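Numbering (the numbering used here), first residue to last: 480 to 758. A virtual CB, placed ideally from N, CA and C, is assigned to each residue, including glycine. The structure presented is a predicted model; accordingly, all values stated were derived computationally and were not measured.
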Amino acid sequence: MSTVRARLDDLSERQQVLAIIVMAGLLLFATWFFLLLPQNRKRNQLRLDIKSMTDQLQQRNYLRGEPALQQELGSEQDEARSTDKEWSATALRMAAFADQQQTLSNPVGTIDYKVKLFEVRSSLIRKSREANIGLPPDLGMEEAVRSNEDARKLMLQLRAVEKAVDLALDRKINLLRTIKPMPPIAHRMTPESEPFLEEYPVRLEFLGSIRNIYEMLEAILRSESSFALRNLRIDTASENDPNILRVRTTLSALVFLKTPDDLFGAMSKKPGRVRRPSF
């Protein structure tokens, strides 16, 4: 320190003032660089973090008061319950088989399928003969069950064929030419999830009148004989008799495998407290 004073004493007054200004400037720069600059950076980062968190809360509607959030939660739960009821009513209305849960829950073996096939085939052939309507004898279903085939799906496929043929015979058509059950179609919420709905299409080709077609379309809208209509093509069967039409159609029997709770998870039936997010 004495050395610095000695040097200052040797300098002129102007030089001393200039030296003091330079040293003060260096001190201020060091204070700003080592103390204030890190604090400013930290403050700016905190501002960015606060803005980011505010944006997240804004997107999730957490910036509103708890009473408003409780009211919205109650509305959402009411909507979920309404959707649940609507889904259940639709499934009950559109399900192809009233006792489908029994078929889904009880094990179905190869012998069960073969016995059912024999019963259905005999019943439909007898019914077609009584109505004097031609019918393919095999119903498009094979007796043999391959090792990679699911007996449960074959049973549901057979029941879809039985219901579709019954529907056609009850309309008093002229002739049932073709019965072809198609492979089941599985519907999923996502490609990785389990099916919530299975569709069992049956392709029919028959001869009949426009009245037969009208009555069939009317019948598939009723719950006891409901089908999903996949396609329908109508042509004139003969130039000599334009009243006889050739009809090719695919009817699908729907089997609902899951309830809304199975799909989306059970929801609380009573509104609860809104849980604040944790970050």
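- Taking K606 as the reference, give the member of V624, R650, W566, I590 with the closest Cα. With distances taken between Cα atoms, K606 lies closest to R650.
- Are the beta-carbon atoms of V640 and P662 separated by less than 8 Å? Contact annotation: V640 and P662 have beta-carbon atoms that are not nearer than 8 Å.
- Message: With H, G and I counted as helix, E and B as strand and the rest as coil, what does DSSP make of N710?
- Response: Reduced to three states, the DSSP call for N710 is strand.
- Message: With H, G and I counted as helix, E and B as strand and the rest as coil, what does DSSP make of I500?
- Response: Under the three-state reduction of DSSP, I500 is assigned to helix.
- Item | Candidates I499, F685, L635: closest to L646 by CA position | For L646, the nearest C-alpha among the options comes from F685.
- Report the three-state DSSP secondary structure of F576 (helix, strand or coil). Reduced to three states, the DSSP call for F576 is coil.
- Message: With the cut-off set at 8 Å, would you say L655 and E622 are in Cβ contact?
- Response: The answer is no: Cβ separation not under 8 Å.
- Item | Beta-carbon contacts of N653 that lie in its chain and below 6 Å, excluding the five residues immediately before and after | The beta carbon of N653 sits closer than 6 Å to the beta carbons of L686, G687 from its chain, once the five residues preceding and following it are set aside; these are given in chain order.
- Who does K530 pair with in a DSSP beta bridge? Assignment of beta-bridge partners to K530 by DSSP yields no partner.
- Message: Using only the alpha-carbon positions, how far apart do D720 and L603 sit?
- Response: Taking the CA atoms as reference points, D720 sits about 28 Å from L603.
- Query: Since R638 contacts F576 with CB under 8 Å, what's their CB separation in whole angstroms?
  - Reply: R638 to F576, Cβ: 6 Å. Contact.
- Item | Helix, strand or coil at T669 according to DSSP, with G and I counted as helix | If DSSP states are grouped into helix, strand and coil, T669 belongs with coil.
- With distances taken between CB atoms, is the gap from T728 to L683 smaller than 8 Å? Note that the C-beta distance between T728 and L683 is below 8 Å.
- Item | Euclidean distance between Cα positions of I713 and P615 | So the two alpha carbons sit approximately 20 Å from each other.
- Item | Alpha-carbon to alpha-carbon, L536 and V624 | Each residue's Cα considered, the two are about 58 Å apart.
- In terms of residues, what are the limits of the beta strand (DSSP E) holding T657? First-last of the beta strand (DSSP E) with T657: 654 to 660.
- Item | Rounded C-alpha distance that separates I658 from V726 | Rounded to the nearest angstrom, the two C-alpha atoms are 12 Å apart.
- Query: Do you know offhand how far T510's Cα is from T533's?
  - Reply: Roughly 33 Å between the two C-alpha positions.
- What's the gap between the Cα of Y693 and the Cα of I723? Taking C-alpha positions only, Y693 is separated from I723 by approximately 14 Å.
- Under 8 Å, do V587 and A643 count as touching if we go by C-beta distance? No, these two residues do not count as a Cβ contact at 8 Å.
- Task: Classify L487 as helix, strand or coil using the three-state DSSP reduction.
- Result: Note that L487 scores a pLDDT of 49, beneath 50, so its modelled location is shaky; the value from the coordinates is reported in the next line. DSSP places L487 within a helical segment (H, G or I) once states are collapsed to three.
- Query: Do you know how far the Cα of E558 is from the Cα of L525?
  - Reply: Approximately 40 Å, taken between the alpha carbons.
- Query: So, using beta-carbon positions, are Y679 and M634 closer together than 8 Å?
  - Reply: No.
- Task: Give the straight-line distance between the Cα atoms of A716 and I689, rounded to the nearest whole angstrom.
- Result: The C-alpha of I689 is placed about 12 Å away from the C-alpha of A716.
- Item | chain C contact for Q549 (CB, 8 Å cutoff) | Although the question refers to chain C, the structure presented lacks it and comprises just one protein chain.
- Message: Would L711 and I699 qualify as a contact pair, given that the criterion is a beta-carbon distance under 8 Å?
- Response: Result no, Cβ atoms of L711 and I699 do not sit closer than 8 Å.
- Item | Alpha-carbon to alpha-carbon, K521 and E551 | Distance between the alpha carbons of E551 and K521: 38 Å.
- Coarse secondary structure for E684, derived from DSSP in three states: Annotated three-state conformation of E684 is strand, per DSSP.
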